[in-house]
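Each number in the numbering used here comes from the position in the sequence shown (counting from 1) with 20 added on.
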Amino acid sequence: MMSNEQFERMMNRLDTLIKITAINAFQGKSITEVVRILSSLGFNNKDIAMILGTTSASVATIKYQSKKQRKKKGKLAETADREEVNKGDK
């Protein structure tokens, strides 16, 4: 049977391996992209924060800002589409 100390040591090593793997996998990507990818893979804010070495509040803020930007881009694209349609009507 594994002692609590052994278990904790193993979990710390696994956490380190996850961080190293994430660094290699997401090299060259923005933090927003990394958060989006990890979130889409089912990681929660706390897990993403642990992987990135930040707080879950920071991750939540990044997600919120990203969502806000996507909505804004969607509205801009919608407006451009409408303008294009209106030009064709004239």
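Beta carbons are placed, not taken as given, at the ideal position from N, Cα and C, and that holds for glycine.
Secondary structure note for L34: its alpha helix (DSSP H) is the uninterrupted segment N24 to A45.
Between the stretch 41 to 57 and the stretch 25 to 33 there are fewer than three inter-stretch CB-CB distances shorter than 8 Å, so the stretches are not counted as touching.
For I68 and M21, the gap between their C-alpha atoms comes out near 31 Å. Shortest Cα-Cα distance from S76 to any of N65, Q85 and S86 involves N65. In the assembly as shown, L72 is a buried residue. Its beta-carbon has 16 or more other beta-carbons within 10 Å.
Counting only residues of its own chain and dropping the five nearest sequence neighbours on each side, T74 has no CB closer than 6 Å to any other CB. Contact between T52 and S86 holds, since their C-beta atoms are separated by about 5 Å, short of 8 Å. If you draw a straight line from the Cα of L58 to the Cα of N24, it comes to about 29 Å.
Distance between K88 and F63, taken at the CA atoms: about 20 Å.
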